[in-house]
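Colleague:
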Amino acid sequence: MKAIIYIAHGSRRAAANARFIAFIQKVMQRSSAAVQAYGFLEHADPSTTQAIETCIGQGASEITVVPVFLLPGIHANVDIPAELERFPDVVFHYGKPLGVDEVLVGILSDRLAEAGFGGAENESVLLVGHGSRLTEAGVDFEKLALGLAEKITSKVHTAFVTTSPLYQGVAEKLTNQKIYILPYFLFSGGYTVKMEKELAGDVVFCEAIGFDEKLIPLIEKRAAEVEHELKLSNYVTA
């Protein structure tokens with residue numbers, strides 16, 4: 209039997225985890241998969257292992273895993289696959305993170321509009337991500353920034369919380385500007401609070417991406433891509 213699992217990062221804040229659960233349950237309600245589960249990589253239950261065991265307990269031996277992560281960082285590319293290796297008797301099909309997509313560009317544009325961004329000459333946009341050691345994540349982040357810049361016809365500066373260029377330094381260079389800080393996170397909380405405490409001056413903090421319902425079709429798309437690739441693989445080897 210086949211199953212599908214959705215894995216998110218998880219937060220130390222129960223309210224943030226509850227938002228993910230409410231969101232992913234809407235995704236699951238739209239799916240025709242007989243067996244479905246969700247889990248968290250860290251900080252919350254059910255864990256990834258518990259989600260897999262839930263599916264196995266319902267008879268699944270073949271599981272599609274969709275990482276509900278914005279970018280292909282260490283968690284999505286290394287940590288989750290390592291969890292899957294603990295179940296050698298299960299056939300896993302691993303999907304891609306949300307990555308680069310017009311849906312995400314659209315949500316970022318929405319967040320700016322909600323905060324009052326008008327594209328004036330004295331307004332700057334600073335897109336802030338977590339940061340990753342993986343080059344692939346940085347490349348995708350810059351692609352998103354370019355897509356957003358085209359959509360809003362304004363330059364989009366980029367910075368990170370944990371890797372260079374750090375957001376504090378980039379913000380300091382945007383002198384005589386009203387800066388719109390655009391946090392690129394699904395789970396907002398610690399990092400966004402830290403930025404609000406550290407950045408002073410004419411700064412507007414936009415809402416984070418969060419679990420916007422516009423992401424639902426994108427998650428369905430990532431799951432469908434796994435199924436499509438599997439069919440192609442079966443066709444080639446047939």
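Following the numbering used here, the numbering of the sequence shown begins with 209 at its first residue and continues without gaps.
Backbone N, C-alpha and C fix where the C-beta goes; we use that ideal spot for every residue, glycine too.
1. Considering only the beta carbon of each residue, do Ser-255 and Gly-397 sit closer than 7 angstroms?
2. Would you check if the distance between the CB atom of Gln-244 and the CB atom of Ile-288 is smaller than 7 angstroms?
3. Between Pro-275 and Ile-215, which are expected to be in contact by the criterion C-beta below 8 angstroms, what is the C-beta distance as a whole number of angstroms?
4. In angstroms with no decimal places, state the Cα-to-Cα distance between Ala-328 and Arg-341.
5. Got a sec? Which residues, its chain only, sit under 7 angstroms from Leu-374 by beta carbon, not counting five neighbours each side?
6. Excluding the 5 residues preceding and the 5 following Ala-284 in the sequence, name in chain order all residues of the same chain whose CB lies nearer than 6 angstroms to its CB.
7. Confirm, please, whether the CB-CB distance from Pro-296 to Ala-345 is below 7 angstroms.
8. Given this structure, state the Cα-to-Cα distance separating Ala-432 from Met-236, to the nearest angstrom.
9. Span of the alpha helix (DSSP H) holding Phe-228?
Modeller: Looking at the coordinates:
1. no
2. no
3. The C-beta distance from Pro-275 to Ile-215 rounds to 5 angstroms, short enough to fall under 8 angstroms.
4. 34 angstroms
5. Ala-367, Phe-368
6. Cβ within range, chain order: Pro-275, Phe-277, Pro-305.
7. no
8. 13 angstroms
9. 222-238
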